[in-house]
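Quick note: the sequence shown, position 18, residue 21 per the numbering used here, numbers continuous. Since the structure comes first, as structure tokens, the remarks are kept for the end.
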Amino acid sequence: MSDHYLNHLREEHARLEAEIEQELRRPVPDQLLVARLKKLKLAAKDRLTAMDRGRAQSSAA
Numbered sequence: 004m005s006d007h008y009l010n011h012l013r014e015e016h017a018r019l020e021a022e023i024e025q026e027l028r029r030p031v032p033d034q035l036l037v038a039r040l041k042k043l044k045l046a047a048k049d050r051l052t053a054m055d056r057g058r059a060q061s062s063a064a
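Below you can see the structure in the form of structure tokens.
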């Protein structure tokens, strides 16, 4: 995949982290929302990791 998509995933990961931090700063954070955001953040991280592995394998070949 392209560098553009990798950058998009990195931005998405950072945006989700910021949303999580913002929600946790509230007096009474919505724990369900935090859990959903964390799952989305983990999914973005997993896609990033998979793409990085794919790029490393293709450059090693």
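Glycine residues also receive a C-beta, built at the ideal position from the N, C-alpha and C atoms.
Measure the C-alpha to C-alpha separation of residue i and residue j and round it to an integer number of angstroms.
i: Arg56; j: Lys41; result: 22 Å
i: Ala17; j: Ala59; result: 23 Å
i: Pro30; j: Lys44; result: 23 Å
i: Ile23; j: Tyr8; result: 22 Å
i: Glu14; j: Gln34; result: 23 Å
i: Ser61; j: Met54; result: 11 Å
i: Ala63; j: Asn10; result: 22 Å
Check whether the Cβ atoms of residue i and residue j lie closer than 8 Å to each other.
i: Leu19; j: Ala38; result: no
i: Leu27; j: Leu51; result: no
Can you look up residue i in the DSSP assignment and give me helix, strand or coil?
i: Asp6; result: helix
i: Asp65; result: What the structure shows of the chain is the stretch from 4 to 64, and residue 65 is not part of that stretch, so it cannot be assessed.
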